[in-house]
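*Asks:* Protein chains in written order, with this note's numbering: chain A, 1 to 233; chain B, 1001 to 1233; chain C, 2001 to 2233; chain D, 3001 to 3233. Where a beta carbon is used, it is the ideal one built from N, C-alpha and C, also for glycine.
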DNA sequence: GATGAATGAGATTTCATTCAT
DNA sequence: AATGAATGAAATCTCATTCAT
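1) Pair every Cβ in the stretch 3097-3113 of chain D with every Cβ in the stretch 2099-2115 of chain C, then say whether three or more of these pairs are closer than 8 Å.
2) Could one say the Cβ of residue 1091/B lies closer than 8 Å to chain A's Cβ atoms, at least one of them?
3) Kindly list, in the order they appear in chain D, the residues whose Cβ is closer than 9 Å to that of residue 2170/C.
4) With burial defined as no fewer than 16 other Cβ atoms inside 10 Å of the residue's Cβ, what is the status of residue 2085/C: buried or exposed?
5) Drop a sphere of 10 angstroms on the beta-carbon of residue 1213/B, count the other beta-carbons inside from all chains shown, and report buried for 16 or more, exposed for fewer.
6) Kindly indicate if chain C contains any beta-carbon less than 8 Å away from that of residue 3057/D.
7) Could you tell me whether any Cβ in chain C is nearer than 8 Å to the Cβ of residue 3107/D?
8) Among 36/A, 50/A, 199/A and 218/A, whose alpha-carbon lies nearest the alpha-carbon of residue 125/A?
9) Given residue 162/A, which residues of its chain have a CB within under 7 Å of its CB, disregarding the five upstream and five downstream residues?
10) Can the beta-carbon of residue 1148/B be found closer than 8 Å to that of residue 141/A?
11) Taking C-beta to C-beta, are residue 2081/C and residue 2182/C nearer than 8 Å?
12) According to DSSP, simplified to helix, strand and coil, what is residue 2103/C?
13) Please list, in chain order, all residues of the same chain as residue 226/A whose beta carbon is under 7 Å from its beta carbon, the five residues on each side excluded.
14) Residue 2192/C to residue 2134/C, Cα distance in whole Å?
15) Leaving aside the five residues before and after residue 3211/D along the sequence, list all residues of the same chain whose C-beta is less than 6 Å from its C-beta, in chain order.
16) Quick one: what's got a C-beta closer than 8 Å to residue 3042/D's C-beta in the same chain, skipping five residues either side?
17) Is the separation between the beta-carbon of residue 3072/D and that of residue 3037/D shorter than 8 Å?
18) Compare the Cα-Cα distances from residue 3031/D to each of 3051/D, 3062/D, 3047/D and 3056/D and report the closest residue.
19) Can a CB atom of chain C be found closer than 8 Å to the CB of residue 3184/D?
20) Is any beta-carbon of chain B found at less than 8 Å from that of residue 195/A?
21) Reducing DSSP to helix, strand and coil, say where residue 1141/B ends up.
22) Can you give the Cα-Cα distance for residue 3203/D and residue 2157/C, rounded to whole angstroms?
23) Which class does residue 2174/C belong to by DSSP, given the choice of helix, strand or coil?
24) Which class does residue 1149/B belong to by DSSP, given the choice of helix, strand or coil?
25) Please confirm whether residue 125/A has its beta-carbon closer than 8 Å to some beta-carbon of chain B.
26) Could you check what DSSP says for residue 1075/B in three-state terms: helix, strand or coil?
27) Looking at the C-beta of residue 151/A, does it have a partner C-beta in chain B at a distance below 8 Å?
28) Contact defined as beta carbons within less than 8 Å: I believe residue 120/A pairs with residue 223/A. What is the distance between those atoms, to the nearest angstrom?
29) Alpha carbon to alpha carbon, how far is residue 2051/C from residue 3048/D?
30) Pop quiz: residue 1033/B and residue 1068/B are said to be a contact at Cβ under 8 Å. What is the actual Cβ separation, rounded to whole angstroms?
31) Is the Cβ of residue 142/A closer than 8 Å to any Cβ of chain B?
32) Confirm, please, whether the CB-CB distance from residue 169/A to residue 109/A is below 8 Å.
33) Mind checking which residues open and close the alpha helix (DSSP H) that includes residue 3047/D?
34) For my contact list, residue 1055/B and residue 1065/B are in at a C-beta cut-off of 8 Å; report their separation, rounded to the angstrom.
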């Protein structure tokens, strides 16, 4: 099955190395400070939310001064943007490129089912990053929220990736030709986002692995062409 | 089919009555002021989010003084709780009780598909109330958020309702006996929540009716017992 | 000589009554607080200048909290505007109405000479108010200063008053018909403003009364019609 | 008449030379940087005022780094002092030395009238430098202003120059012997400063050339000895 | 000499809350 | 009950100054 090969949602999170004090160039100093600030912001956003986190808190948790976050990013909005960007860059980047199965006989349904599972598992593995992302995503819901464009774009990117995958699957016969690729993409993305959000709001309320499996079954049973709908549970 | 009858997600929103009917007792005036304050809070939360809304704004938009919201509710947290409660009371209350199909031959899959569709249509119809709900729901994602219990409970209520419905369906043979009712409930609730959130973040990005239809198909194709899986698109 | 009657530049300054604690209505409380805040701002502006005075300083010197000045006026710019307005209202209001000598035989030169003298004496008598005014006037000189319109208007008001007086004097023959009323008004207003500013920058550098007398002589000798130019020193 | 020869208020402003001439010693590069920084400070002070201008702004407008102004001058106060000094050096330096008409028969009234006119014309010609000067002069009005000594000294220098001129005129009979030289000097300097300030606050409110002419007439009519007071308009 | 990163104090502004009316 | 004045804590942002490169 070609699906498994294409996946791997995983490279998330700030992989350590906050130490190493005596670096060299100014550029490196700045870059190091920025990563430390973003790490701190991620932690605090995940814990308290964006509005309950002050820039002074961010600077101090990062091991710098109260003023640095403001000085470095210029504004809180810029910090939020930058963190959203960093998480998006690290999170599930390959998923988008998956549509290059076009012209192959890879099973799009299996790829999508795998992506869904991987996404949810990544939320567990990199829980703080994932929570920070969903916190910001939730903060984008008010109609006048300044963060809306960033997250609208991110949602669109995911939807387009799923849509392309579905179309490719319809082209090579691995996806039911009758489904609406756009609407189905919305539903699939919605499912993973909604399941993840439920988990983050009440982590102990249900078994996320079981829910991930249920999502896979949803995808398989709903999208496999009627003819060869022989999937098992 | 009993399904359709059982639905009706609809009684949402503050249906007008800003005008001043013949005044009555003090108690009633207080109740009226409370409703006006909650209406105003709903509007402002939907627009700006909870943290960007001040109690003074709420009082003034309600047509009262800057100080009334604080005076009436005692604290901002109490206002937020009260509004969350009011929305939850008004929103989809009957859905939960649907599980009383137990012992009948009602088609649980159709009922669930109908609920999914109704929920999403209600979001459109009562967009401000729906947005206010999702704004608060999103604000519950930070791990230390004070609103978490309220929304964790609400999510659980929905999940339990769906789970009961699925179990009843498995009992009367209208739902595939192999699916995990708990995990499937999580997935279905996740799907509607996630689709709604995508819509609220970018209302013009996709056709919500088509997405609702896609969700219905997901439910039908995935949950109908293999034997009589003869649903059409 | 009708001149003396028309003058009186004098009613300047915050005439006492900062005490009297237990007043009644809210309106009165507010008005009292506003006067106290403006008095404090006047003092601090005169001492340190506008930019070196914080709103917190104003509130505290007024005997209130750090936050009141900001709360009451909304912004520092509004406080500055309000204070400028108050000083302008109190300072030399009748000077403007002096032009009503039109149609009489009042000696416009004497009236103007008197106004000049009174203005400079008022600066001495109400030195703090006068200094605060000049501080703000000086702060209006940068080309992008937000205070410019306020003080441009004030300067224009004075110039127009002087111009009207000069025209009236030319009409009744008490002012040299050859002088340019507009340009002369600019010069006279400039003289008093410039003398006052010199005094405020270095109060002990020269005798202001003697300077005031010199200004009177300038006005008399320059504006009296050539025929009856019989003024003595 | 020796008067005209003695004037020339004119050598003001930063006359171009932003281009990079053939580099020379370190000292020269430092001097060049200093001029560029002072030019930038002049521009920014004229636009925004002293307090609204940051050292970083100065460095960057000068084409250097954010840190240079601080590095070069040591503190903001030192930059302000240095700029005030430079403007005073460039502005009307010869005017002061005019008193050397003593013992000649030069007409002091004409010389003074010419100086007044030249000063006001210089303000127009070198508007930015002039505005920067008046901005700093205005900032010296608060009683505790750190700039006061600098500008008190400058005002005194001008007054002394005018006073000497007047005394010389009285000695050679070209100035009315009855006028008080000190007080009259104050009034004349006040007139030009006040007219210039009015112009800077509202450049389009009146015709500065006409005002300059009115100032000349003031000087002539007021100071010429009664006997030969035959000046025309 | 020159750059620019980092600090930390301070300013304005917002706002939940308290209190007087 | 209701108003709205007043408080005081906190947040963002600015910036002179210091320090490392």
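*Replies:* Taking the geometry as given:
1) no
2) no
3) The premise fails here: residue 2170/C is roughly 13 Å from chain D at the closest Cβ pair, so nothing lies under 9 Å.
4) exposed
5) buried
6) No, no contact with chain C.
7) Answer no: the Cβ-Cβ gap between residue 3107/D and chain C never drops below 8 Å.
8) 199/A
9) 112, 185, 188 and 189
10) In this structure, residue 141/A does not lie closer than 8 Å to residue 1148/B by Cβ.
11) no
12) coil
13) 176
14) 12 Å
15) 3195
16) In its chain, beyond the 5 residues on either side, 3014, 3083, 3087, 3128, 3129 and 3132 have a beta carbon closer than 8 Å to the beta carbon of residue 3042/D.
17) yes
18) 3062/D
19) At a cut-off of 8 Å, the C-beta of residue 3184/D has a neighbouring C-beta in chain C.
20) Cβ-Cβ to chain B under 8 Å: yes for residue 195/A.
21) coil
22) For the pair residue 3203/D and residue 2157/C, the Cα-to-Cα distance works out to about 15 Å.
23) coil
24) helix
25) Answer no: the Cβ-Cβ gap between residue 125/A and chain B never drops below 8 Å.
26) coil
27) yes
28) So it is not a contact: roughly 18 Å between Cβ atoms.
29) Residue 2051/C and residue 3048/D have their C-alpha atoms roughly 12 Å apart.
30) The pair is a contact, with the Cβ atoms about 7 Å apart (cut-off 8 Å).
31) yes
32) yes
33) 3026-3048
34) About 11 Å separates the CB atoms of residue 1055/B and residue 1065/B; that is not less than 8 Å, and the two are not in contact.
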